[in-house]
Amino acid sequence: MSADDEDLVASETPLDEWLHHLAQAHGAPGGGAACAVMTAISAALLGMVAGYSDDDPAAGRASARVDRVRRRATAAAETDGERSAAFGAALAMDAGPDRERAVRSTTVEATASSVAVGRLAASLVDEARLLADIGNRHVEADLIVAVEALSAALAGSAATARADLQILSAHRASGDDLDDRIDTFQRDLDELEHARAEVDRLADALR
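Just add 11 to wherever you are in the sequence shown, counting from 1, and you've got my numbering.
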């Protein structure tokens, strides 16, 4: 992340400014951070639906839960931008063993960040399903937008993680002790794909 971007915090930066930085060719923030923001948008809309459904105590409890996810997602957007910047810096290093080690390390961290964003998104699946059952029907369109944003966040998180793993594969070294970590990432990705399939079924039912 450049010096001009050091204070680029998703929860504090004006939306237009954040999107301006997202549009630049430096990748910090990038697709992973965008998925975190989409997760936060989904959580915020779910919170709105819950707020309009306050005649059911379960909606009030859901509101508190999705609010926590929203705040964690905006923090995750910042973290992902930082890890993307570190990854970019590693790729920019002069060729050699130090660069290869740095690329491996930062790619693992970038993959973990994408998976973490995906898990946050996946934690909203049950909340979306609950609000589809008990939510105020007058804001059903907002619920659909929340669910569609959630699907995009899950798909994007999985896509960025898979891209990171492809890069990691190209920079593996004998004895790098990454086999177990990569296997764990693969299982995480399977779970994200399963969560997305659930969300898409819910979206179809709502539509």
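Glycine included, every Cβ here is placed at the ideal spot set by N, Cα and C.
query                                                                                                               : result
Length of the line joining the Cα atoms of residue 213 and residue 83                                               : 24 Å
Proximal residues to residue 95 (C-beta, below 6 Å), its chain only, five neighbours per side dropped               : 38, 39, 41
Distance between residue 136 and residue 154 (C-alpha atoms, nearest Å)                                             : 12 Å
Cβ pair residue 172, residue 90 closer than 8 Å                                                                     : no
Whole-number beta carbon distance between residue 158 and residue 210, since they are thought to touch under 8 Å    : 6 Å
Given 8 Å, three or more beta-carbon pairs between the region 63-78 and the region 132-151                          : yes
Sequence-distant residues of the same chain with beta carbon closer than 7 Å to residue 185, five excluded per side : none
Buried or exposed (CB count within 10 angstroms, at least 16 for buried), residue 207                               : buried
Proximity of residue 132 and residue 24 at Cβ, strictly below 8 Å                                                   : no
Exposure label - residue 180; buried when at least 16 CB within 10 Å                                                : exposed
Start-to-end residues for the alpha helix (DSSP H) that takes in residue 108                                        : 108-133
DSSP state of residue 79 mapped onto helix, strand, coil                                                            : helix
Nearest residue (CA-CA) to residue 85, options 54, 176, 119, 149                                                    : 54
Between the CA atoms of residue 149 and residue 219 - distance to the nearest angstrom                              : A question about residue 219 goes unanswered here, because the residues of the chain that appear run from 12 up to 218.
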